[in-house]
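Asks: In the numbering used here, the protein residues as written are 153 to 495.
Even for Gly, the Cβ is constructed at its ideal location relative to N, Cα and C.
So that we are looking at the same thing, I have put the structure below in structure tokens.
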Ligand SMILES: *Cc1c(COP(=O)(O)O)cnc(C)c1O
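See the structure below:
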């Protein structure tokens with residue numbers, strides 16, 4: 153069976169981690185600081201703080217951009233529950249916004265309609281498809297740019313804070329980990345202050361959101377072949393989507409993306425989607441439902457499904473094919489044969 157996802161770990165990664173194991177710094181240390189510098193370099197400036205997860209980066213960005221008790225935070229309803237968790241941790245209230253049905257992203261008109269009073273919005277580049285951050289910012293809101301499904305530096309980083317994840321399935325797979333980046337160094341300094349809880353002169357609530365050097369070394373090593381990772385993902389995406397089964401479409405926005413995170417197909421209806429999943433399984437290709445209906449954030453919050461027609465209409469029709477640089481040419485051929493063999 154070809155797995156749906158696999159990290160690409162090569163000999164250079166093993167050596168990088170081994171060097172850290174030998175260095176004596178396995179927890180927070182010089183590799184974490186070097187990763188923070190790397191991120192700023194790739195982003196062309198600004199500064200960053202490496203953290204234990206993308207969710208921690210979301211939470212601290214919310215906190216340091218002023219989200220507090222009872223504040224409304226706009227979130228796209230088609231997104232992972234980490235967004236709700238981060239907002240809840242900040243003591244704020246998540247306001248789900250329906251998506252643009254073509255690229256699954258929050259749009260400025262949807263935001264105005266669904267969350268007119270929110271001051272802060274979390275905008276996700278869903279599966280790597282570029283979300284119109286500038287359009288959302290022009291509504292006067294503070295935008296936290298959730299770039300967890302993109303390669304670092306793929307998009308310019310217009311949000312007040314940009315958030316990355318290094319979870320095992322993400323474009324840079326550190327096991328766990330994340331980072332917050334901003335052009336505004338004050339925000340990043342405050343995030344550093346919150347994370348660096350130990351041995352401080354004063355006490356205010358802080359928290360251990362540290363990343364370990366072992367993880368940072370792994371991420372840095374992969375970041376060195378950033379261009380190669382992008383090229384491989386782009387190549388596989390273009391190849392698979394040129395073999396779409398009849399009646400199937402694809403998520404908009406990924407053909408133009410530098411680094412597609414997932415190859416998401418849109419079936420004509422749920423029955424066809426499920427028939428393809430069964431066919432794919434039979435062919436030894438693990439395709440998945442990238443987001444289930446019950447995972448839509450408005451469903452978790454018990455809001456009326458009829459208020460979110462775009463997300464409700466698309467969620468049962470999507471499936472995701474294996475798409476990662478560790479996929480061998482032979483396996484990619486099998487994915488193509490699976491697509492071509494579906495009638
Ligand atoms: C993965 C992900 C997160 C959370 O990142 P973790 O490192 O798993 O906490 C948040 N938002 C999006 C869009 C993600 O894909």
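1) Determine the burial state of residue 332: buried for a count of at least 16 other Cβ atoms within 10 Å of its Cβ, exposed for fewer.
2) Which residue marks the beginning of the beta strand (DSSP E) containing residue 508, and which one marks its end?
3) Please state whether DSSP places residue 471 in a helix, a strand or coil.
4) Does residue 416 come out as helix, strand or coil in the three-state DSSP assignment?
5) Are the C-beta atoms of residue 476 and some chain D residue less than 8 Å apart?
6) Run the proximity test for residue 210: is its beta-carbon closer than 7 Å to any non-hydrogen atom belonging to ligand 1?
7) Give the DSSP-derived three-state secondary structure of residue 233 in the structure shown.
8) Considering just the uninterrupted stretch of the alpha helix (DSSP H) at residue 389, what are its terminal residues?
9) Are the stretch 279-291 and the stretch 244-251 in contact at 8 Å, needing three or more beta carbon pairs?
10) Indicate the three-state DSSP secondary structure (helix, strand or coil) for residue 195 in the structure shown.
11) Once DSSP output is grouped into helix, strand and coil, what is the label at residue 319?
12) Among 409, 311, 491 and 425, which has the Cα closest to the Cα of residue 282?
13) Whole angstroms are fine: how far does the CA of residue 269 sit from the CA of residue 294?
14) Helix or strand or just coil, what does DSSP make of residue 334?
15) Hey, how far is the Cα of residue 477 from the Cα of residue 157?
16) Counting C-beta neighbours from all protein chains within 10 Å, is the total for residue 460 16 or more, i.e. buried, or is it exposed?
17) Look up residue 274 in the DSSP assignment and say whether it is helix, strand or coil.
18) Express the C-alpha separation of residue 166 and residue 480 in angstroms, rounding to a whole number.
19) Based on Cα-Cα distance, which residue from 207, 176, 307 and 246 lies nearest to residue 220?
20) Hey, would you say the C-beta of residue 322 is under 7 Å away from at least one heavy atom of ligand 1?
21) Cutting at 6 Å between CB atoms, please list the residues of its own chain near residue 121, excluding the five before and the five after it.
22) Quick check: the stretch 382-392 against the stretch 435-449, are there 3 or more CB pairs under 8 Å?
23) Residues in its own chain within less than 8 Å of residue 236 by CB, not counting five upstream and five downstream?
24) What does residue 511 pair with, by DSSP beta-bridge criteria?
25) CB-CB under 8 Å to residue 215, same chain, minus the five flanking residues each way: which ones, in chain order?
26) With distance defined between alpha-carbon atoms, name the residue in 469, 176, 392 and 406 nearest to residue 420.
27) Quick one: what's got a C-beta closer than 8 Å to residue 263's C-beta in the same chain, skipping five residues either side?
28) With respect to 7 Å, is the separation between the Cβ of residue 207 and the closest non-hydrogen atom of ligand 1 below this value?
29) Do you know whose CA, among 172, 154 and 314, lies nearest residue 366's CA?
30) With burial defined as no fewer than 16 other Cβ atoms inside 10 Å of the residue's Cβ, what is the status of residue 213: buried or exposed?
31) Look at the Cβ atom of residue 329, then the Cβ atom of residue 205, and state whether they are nearer than 8 Å.
32) Excluding five sequence neighbours on each side, which residues of the same chain lie with their C-beta closer than 6 Å to the C-beta of residue 155?
Replies: Once the coordinates are examined:
1) buried
2) This structure cannot settle anything about residue 508, because the visible part of the chain is limited to 153 through 495.
3) strand
4) strand
5) No chain D appears in this structure, which consists of one protein chain only.
6) yes
7) coil
8) 378-393
9) no
10) helix
11) strand
12) 409
13) 12 Å
14) strand
15) 10 Å
16) buried
17) strand
18) 20 Å
19) 246
20) yes
21) Not covered by the structure: residue 121. The range shown for the chain is 153 to 495.
22) no
23) 227, 246, 449, 452 and 453
24) Because the chain spans 153 through 495 in this model, residue 511 falls outside it and cannot be assessed.
25) 242 and 346
26) 469
27) 226, 249, 270, 273, 288, 291 and 293
28) yes
29) 172
30) buried
31) yes
32) 438
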